[in-house]
Amino acid sequence: MLAGPKTEWLVVLGALVLGAGLLFLTRGGPQGGGDGVSLRITLITSDRHDLACALDDAVAGLRCAYRSDGTAVEPVPAADQLLAPYMTPDRRLLLVPGLFEQPAITARYDQEKPIGRPRQRLKRFVATCQMQLLTKVPQAKVRFGKRGNWDQVADTWIAKPTNCSVSD
Amino acid sequence: MDTPASAMDDGPRLPSQPALAAAASSPSPDRARFPILRTDGPLIVLLLCMIATGIALRAYHLDEPQGLKWDEHHYVVTARSYLEHKYAWNDHPPLSKLIIAGFMWALGDGPLAWRLPSFLFGLANIGLIGLLTAHVFRSKRAGLIAAAFVAMDGFFIAYSRTALLDGMIVAFSLASMLCVLRGRGVLAVLMAGVFSGCALSFKLNGAVFVFASFLACLASKPLRKYAPLLVLSALLVFYVQCAVALVNVGRSGSLAAVIAENRAMVKNHLGYTVVHPMSSKWYTWFLPTRPIFLRRDVDIDGSVRALLTLGNPLLWWAAIAAVWTTTGAVLSGGLKRLFREILSKQSSQRVRQFWLLTCYAGPIVFWIPALRDAYIYHYLPSYAFALPLLAGLVSKAYAAKRAWVLAFIIVIFEVSLIYAPLAAELPIAERALQLRLLPGWR
Chain P
1 MLAGPKTEWL VVLGALVLGA GLLFLTRGGP QGGGDGVSLR ITLITSDRHD LACALDDAVA
61 GLRCAYRSDG TAVEPVPAAD QLLAPYMTPD RRLLLVPGLF EQPAITARYD QEKPIGRPRQ
121 RLKRFVATCQ MQLLTKVPQA KVRFGKRGNW DQVADTWIAK PTNCSVSD
Chain R
169 MDTPASAMDD GPRLPSQPAL AAAASSPSPD RARFPILRTD GPLIVLLLCM IATGIALRAY
229 HLDEPQGLKW DEHHYVVTAR SYLEHKYAWN DHPPLSKLII AGFMWALGDG PLAWRLPSFL
289 FGLANIGLIG LLTAHVFRSK RAGLIAAAFV AMDGFFIAYS RTALLDGMIV AFSLASMLCV
349 LRGRGVLAVL MAGVFSGCAL SFKLNGAVFV FASFLACLAS KPLRKYAPLL VLSALLVFYV
409 QCAVALVNVG RSGSLAAVIA ENRAMVKNHL GYTVVHPMSS KWYTWFLPTR PIFLRRDVDI
469 DGSVRALLTL GNPLLWWAAI AAVWTTTGAV LSGGLKRLFR EILSKQSSQR VRQFWLLTCY
529 AGPIVFWIPA LRDAYIYHYL PSYAFALPLL AGLVSKAYAA KRAWVLAFII VIFEVSLIYA
589 PLAAELPIAE RALQLRLLPG WR
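For the protein sequence lines, the chains are P and R, in the order given. Residues in the first sequence are numbered consecutively from 1, following this note's numbering. Residues in the second sequence are numbered consecutively from 169, following this note's numbering.
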């Protein structure tokens, strides 16, 4: 089978290369490229104004409203490029740009404008969108109310929405 | 094979008097022969790569997830209480939580501090199993093979990555047996008592190792007279850690208080009537039929981060075969002869293997009459004593069938890497995960 140490060296070297291949290439690719994944986001209409994230750099032209030290980004990013944190019904967090600019969600917002209404009176609904997963940011800060505290979050997806529909 | 196959082998042999005299005036033959890179380089490099890979898999994103997984909350929440000097109900003796609390005190209350003790004990297990195997088989090659097997095995990796106790119990049980089998004086006995006492102070099933160490000590002619000290030091450790935990929360640390605390704990264990869906009977551990997902998180992109209490299946089954093979070999001369050897002055390899078998069987036997439910991870200490037996056999076979043995170790390495994502929580697609699992494991 093996003829001597020289062959053994080659076999061991081959085994190490094969091992690297098994570890890195047999785990299957992630979903979310191309057409993306269908994701559900839980919302109330006041989220349009209340939710914010903090991140120092732009990602694929998308920005949070704040830097990590809490100062506001100037100039204010366009609404369709402004990232904000949202939760799926099973409480997975992602940063999404311009979610409320999606026609179906804009329409839902117009039906129940939050101005002058307490948060707890607003009806929760679910937006189902096709999300293109762009990248994960290792660290970011998020808050879910204008006067809320910043929470540090790790490994959070940035996802671009299309084709959203709304249900209660 | 044209190379000297026995370059690293120093298998069982009884040296003659002239040989002993010659050895006394020259360097140890084993030291002179190992490692020789020229002849055994490929094997050594492979084994060292396995150990390095195993360490990397243990360390990879140790602080993830940020939340608690499986039973971590039992221990981390109690450790938190200790830091606040508040009493917390203990499902197990407090030593593990005191250690975790120490790391949380030093590094802050976060996932790295929770899991760092398990990681460090996991590293210690690699070294301890290597040392124990090298001692039992009088072969550094066998020790290195055993260390590589443990390093790459998913069961051990999983327990190096979670704030759970069983990997730490393994470390103390190995250290205790190593002291007894290698030791020649009172210090070794005291150390064995302290280590087995620590195993007992993690979970009460650690009592198995106090008992096994005591028996091995009693059987050893030079250590026999100190054997009661082993039990006393183990009990002292057990008492001290209980008392420290009680005093820390403002309660009495008296002997009566410690006994009352432990009596309540035992009563609680005996009162368990609920059978957890992930529990398993001891006889199912040999396949195994029910490994446990300590974590199975699906990310938004569909990838899974899983942590499964499943070793490398090939290593698992080979280790069981090694247990049976060794049992046959140990008993082959008859019980009478074995008993005589156990009690003789000079410890033979057969006797040292007998003690490994005892430590393998002990934790299983503990769960046979047990009234409460058992889990696959109760097999971890047994597995830790089965792998040295396998490594010893593999090392011996290397002398005769070098190429085949190298191929076997390579296959072990590759299979370990196929299963590594399930032990090191590497992202893996659900389909790729399913392909790695037998139907009952999913």
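All C-beta atoms in this analysis are idealised placements derived from N, C-alpha and C, irrespective of residue type, glycine included.
Residue i vs residue j beta-carbon contact at 9 Å
| i | j | result |
| --- | --- | --- |
| R:V426 | R:A411 | yes |
| R:L574 | P:V11 | yes |
| R:P607 | R:N373 | no |
| R:F317 | R:L558 | yes |
| P:L25 | R:E582 | no |
| R:G278 | R:D239 | no |
| P:P77 | P:L62 | yes |
| R:L539 | R:L438 | yes |
| R:M272 | R:L483 | no |
| P:P75 | P:T156 | no |
| R:I325 | R:A542 | no |
| R:L266 | R:A247 | yes |
| R:N416 | R:D259 | no |
| R:R464 | R:L475 | yes |
| P:A58 | P:L134 | no |
| P:T162 | P:Q130 | yes |
| R:I580 | R:A486 | yes |
| R:G353 | R:Y394 | yes |
Proximity test, Cβ basis, 9 Å: residue i and chain P
| i | result |
| --- | --- |
| R:I325 | no |
| R:L214 | yes |
| R:F534 | no |
| R:G209 | yes |
| R:P589 | yes |
| R:R599 | yes |
| R:P481 | no |
| R:L594 | yes |
| R:L606 | no |
| R:R199 | For R:R199, the predicted structure reports a pLDDT of 46, less than 50, and the residue's modelled location is therefore unreliable. A value from the coordinates is still provided. Chain P contact via Cβ: absent. |
| R:G470 | yes |
Spatial neighbours of residue i in its chain, beta-carbon cut-off 6 Å, leaving aside the 5 residues before and after
| i | result |
| --- | --- |
| P:A104 | C164, S165 and V166 |
| R:L585 | none |
| R:F534 | N373 and V376 |
| P:T45 | Y109, E112, P114 and L122 |
| R:I596 | V472 and P589 |
| R:G290 | R226, S328 and G335 |
| R:Y545 | D334 and T477 |
| R:S194 | Unreliable placement is indicated for R:S194, whose pLDDT of 42 sits below 50; no coordinate value is reported for it. |
| R:W523 | A384 |
| P:V137 | T156 |
CB contact check: residue i to chain R, cutoff 9 Å
| i | result |
| --- | --- |
| P:L22 | yes |
| P:L83 | no |
| P:L39 | yes |
| P:D159 | The displayed chain sequence assigns Ala, not Asp, to residue 159 of chain P. Judged by the 9 Å Cβ criterion, P:A159 is in contact with chain R. |
| P:A154 | yes |
| P:R27 | yes |
| P:W9 | yes |
| P:V12 | yes |
| P:G116 | no |
| P:A191 | Within the shown structure, residues of chain P are numbered from 1 to 168, placing residue 191 of chain P beyond reach of any answer. |
| P:P5 | yes |
Neighbourhood of residue i by C-beta distance below 7 Å, restricted to the same chain and skipping five residues each side
| i | result |
| --- | --- |
| R:T452 | R458 |
| R:L236 | V244 |
Best match in the options for proximity to residue i [C-alpha to C-alpha]
| i | options | result |
| --- | --- | --- |
| R:A315 | R:W257, R:G560 and R:G353 | R:G560 |
| R:L383 | R:A367, R:C366, R:K371 and R:V357 | R:V357 |
| R:L555 | R:W492, R:G501 and R:S381 | R:W492 |
| R:A339 | R:P481, R:S264, R:D541 and R:V562 | R:S264 |
| R:L312 | R:W282, R:R508 and R:I294 | R:I294 |
| R:P233 | P:V153, P:G28, P:P161 and P:A159 | P:V153 |
| P:Q132 | P:V17, P:V37, P:A20 and P:V142 | P:V37 |
| R:H241 | R:R206, R:I219 and R:R283 | R:R283 |
| R:F553 | R:V304, R:R350, R:I468 and R:R431 | R:V304 |
| R:G209 | P:P5, P:D47, P:Y66 and P:L83 | P:P5 |
| P:R119 | P:E8, P:A20 and P:D47 | P:D47 |
| P:I158 | P:Q81, P:S68, P:G14 and P:R124 | P:Q81 |
Cutoff 8 Å; reference residue i; Cβ partners in own chain excluding five residues on either side
| i | result |
| --- | --- |
| R:L594 | Y228, R473 and A588 |
| R:I578 | L214 |
Contact between the region 292-304 of chain R and the region 339-350 of chain R: three or more CB pairs below 8 Å?
The region 292-304 of chain R makes contact with the region 339-350 of chain R, as at least three CB pairs between them are under 8 Å.
At a cut of 8 Å, does the region 507-525 of chain R reach the region 380-389 of chain R through at least three beta carbon pairs?
Judged by Cβ distances under 8 Å, the region 507-525 of chain R makes contact with the region 380-389 of chain R, as three or more pairs qualify.
How about the region 39-59 of chain P and the region 86-103 of chain P: do they share at least three Cβ pairs that are nearer than 8 Å?
Using a C-beta cut-off of 8 Å, the region 39-59 of chain P makes contact with the region 86-103 of chain P, since at least three inter-stretch Cβ pairs fall below that distance.
If contact is defined by three or more beta carbon pairs under 8 Å, each pair taking one atom from either stretch, is the region 49-66 of chain P in contact with the region 250-267 of chain R?
Put simply, the region 250-267 of chain R does not touch the region 49-66 of chain P. Fewer than three CB pairs are less than 8 Å apart.
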